[in-house]
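Letter by letter, the sequence shown follows residues 8 to 230 of this note's numbering. Positions of the beta carbon are idealized from the N, C-alpha and C atoms, including for glycine. As the structure is a computational prediction, the values presented were derived from the model and not from experiment. Written below as structure tokens is the structure these notes are about.
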Amino acid sequence: MIGCFVTGTDTGVGKTLVSAGLLHALAPHHRHVVGMKPVAAGLVPWGEDWASEDAIALRSASTLAVAPELDNPVLLPDPLSPHIAAARAGVEIDIAAIVRSYQALAAQADAVVVEGAGGFLVPLTDTLTGADLAQALALPVVLVVGLRLGCLNHALLTAEAIRARGLTLIGWVANRMDPGMEAAGDNIAYLRARLGAPLLAEVPYQDLPDARSMQLELPPAWL
């Protein structure tokens with residue numbers, strides 16, 4: 008079973024877009040692919056219920072339908088940092104329970120793409136972060152770099168934090184968020200030389216992002 012954990016240099020840098028793109032890229036090679044959003048904060052209408060916009064996007068890109076408590080075990084109403092949203096909702100985020108949900112997904116799927124919340128060190132509780140969740144899942148990590156001023160520092164710090172947890176940075180994606188960014192190509196070249204992981208895709212700026220159009224180069228072991 009193939010699995011990966013998608014994190015980003017910040018919130019809003021395109022993790023959901025890239026996670027959905029990974030699912031679409033994996034689908035021709037594996038029958039049952041499914042996305043997972045372990046912790047989501049913020050709700051939108053979904054049929055007769057409510058759901059996370061990110062989880063809905065991952066479900067649309069998945070070929071395996073599962074119960075919401077498996078692909079989004081922690082759903083918090085307020086669009087805030089998870090530790091604050093959980094406190095407001097009276098919810099305790101339990102990493103062990105999330106791992107059990109992941110294991111249940113993995114038992115049914117050929118590939119699971121797990122999208123983290125916010126950046127790598129986003130607080131989940133007063134003492135635990137997204138890095139603790141990634142470490143508990145022990146999956147290789149895909150880093151989404153939002154290309155904008157400051158991204159070099161954010162990318163290098165995040166890669167350092169990933170490796171400090173004993174995790175493998177299996178690849179990274181450059182997402183052009185700012186169409187007017189100067190020297191974007193130079194920034195990508197700098198990170199190519201220093202991140203120590205392959206560039207899986209360079210996503211152009213899109214007014215209407217389309218995960219299906221992403222030209223992702225999957226790691227050979229995933230094919």
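Pro52 (DSSP reduced to helix, strand or coil): strand
Sequence-distant residues of its chain with Cβ nearer than 8 angstroms to Leu135 (five each side left out): Ile100 and Ile102.
Cβ contact (3+ pairs, closer than 8 angstroms) linking the region 22-33 and the region 82-95: no
Residue range of the unbroken beta strand (DSSP E) whose run includes Asn232: The chain is shown only over 8 to 230; residue 232 falls outside these bounds and no answer can be derived.
Rounded C-alpha distance that separates Arg201 from Leu163: Distance between the alpha carbons of Arg201 and Leu163 is about 8 angstroms.
Beta-carbon spacing of Gly10, Leu223 below 8 angstroms: no
Rounded separation between Arg183 and Ala218 - CA only: 14 angstroms
Under the three-state DSSP convention, the category Ala173 falls into: Checking the displayed sequence, the identity of residue 173 turns out to be Gly instead of Ala. Correct three-state label for Gly173: coil.
Continuous beta strand (DSSP E) stretch holding Glu122: start and end: Ala118 to Gly126
For Trp229, the residue or residues it bridges with in DSSP: DSSP output for Trp229 lists no bridge partner at all.
Buried or exposed by the 16-neighbour rule on C-beta atoms within 10 Å, applied to Leu156: exposed
Start-end ranges of the beta strand (DSSP E) lying completely within the region 12-74, minimum 3 residues: Those beta strand (DSSP E) runs which fall completely within the region 12-74 and span 3+ residues are 40-43, 46-48, 51-53 and 56-58.
N-terminal and C-terminal residue of the alpha helix (DSSP H) that Gly137 is part of: That run of the alpha helix (DSSP H) goes Gly137 to Leu144.
Residue interval of the beta strand (DSSP E) (run including Gly97): Run containing Gly97: none; DSSP gives neither H nor E here.
Inter-residue spacing [alpha-carbon to alpha-carbon] between Val81 and Leu65: 15 angstroms
Neighbourhood of His36 by C-beta distance below 6 angstroms, restricted to the same chain and skipping five residues each side: Residues Leu230 of the same chain have their beta carbon placed closer than 6 angstroms to that of His36, with the five preceding and five following residues left out of the count.
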